[in-house]
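Chemist: Each residue of the sequence shown is one higher than the one before, counting from 0 in numbering that gives the first Met the number 0.
Glycine included, every Cβ here is placed at the ideal spot set by N, Cα and C.
Let me give you the structure first, and then I'll get to my questions.
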Amino acid sequence: MEDFNCLECSACCFSDQKYYILISFEEREKYKDFSLITLSNLNFIEMKNGKCPALLLKDDKYYCSIYENRPEVCRKFERGSGCCRTSRNQNLVQIQLRKDAISE
Ligand code: SF4
Ligand code: SF4
Numbered sequence: 000m001e002d003f004n005c006l007e008c009s010a011c012c013f014s015d016q017k018y019y020i021l022i023s024f025e026e027r028e029k030y031k032d033f034s035l036i037t038l039s040n041l042n043f044i045e046m047k048n049g050k051c052p053a054l055l056l057k058d059d060k061y062y063c064s065i066y067e068n069r070p071e072v073c074r075k076f077e078r079g080s081g082c083c084r085t086s087r088n089q090n091l092v093q094i095q096l097r098k099d100a101i102s103e
């Protein structure tokens, strides 16, 4: 496997899709401080400006502010998988552009 470093990446925490971070019915209480949305009986944490609202930027690095309590779907996301590679291909350039814009 290529040496993907999640701490230098965060690409899978970005998406232009509104319905992206799927949470279970039971997880809704846990994430009630975020804006939650429902589609066809499925529950999601609402994305904000193309990224997960739990993803914060500090010292030029994005980090998950709820890492120890992140949703099950995030725990199951496999580093190096096809989805991981797709996220990196789609989002890494945009992420760097955002960082550059913030630091200017
Ligand atoms: S896209 Fe892959 S390498 Fe990047 S943070 Fe997600 S799992 Fe880690
Ligand atoms: S909860 Fe954390 S790991 Fe999951 S998408 Fe949001 S920032 Fe990424």
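From D32, E71 and Y62, pick the residue whose C-alpha is nearest to that of L21; which is it?
Modeler: Checking every option, the nearest Cα to that of L21 belongs to E71.
Chemist: With distance defined between alpha-carbon atoms, name the residue in F76, C63, E67 and N48 nearest to Q93.
Modeler: Per the Cα distances, N48.
Chemist: Who does K31 pair with in a DSSP beta bridge?
Modeler: The partner list for K31 (beta bridge, DSSP) is empty, contrary to what the question assumes.
Chemist: Are the segment 72-87 and the segment 31-42 touching, with three or more C-beta to C-beta distances below 8 Å?
Modeler: No, the segment 72-87 does not touch the segment 31-42.
Chemist: I'd like to check one pair, S23 with L54: are the Cβ atoms closer than 8 Å?
Modeler: Contact flag unset, no.
Chemist: So K50 packs on C11, CB below 8 Å; how close in whole Å?
Modeler: With a Cβ gap of about 10 Å, K50 and C11 do not count as contacting.
Chemist: Which residues have a Cβ closer than 6 Å to any heavy atom of ligand 1, listed in chain order?
Modeler: Listed by chain position, these are F3, C5, C8, S9, A10, C11, F76, R78, C83, S86 and R87.
Chemist: Compute the beta-carbon to beta-carbon distance between D59 and K98, rounded to the nearest angstrom, for a pair I have assumed lies under 8 Å.
Modeler: Contact holds; Cβ gap of about 6 Å.
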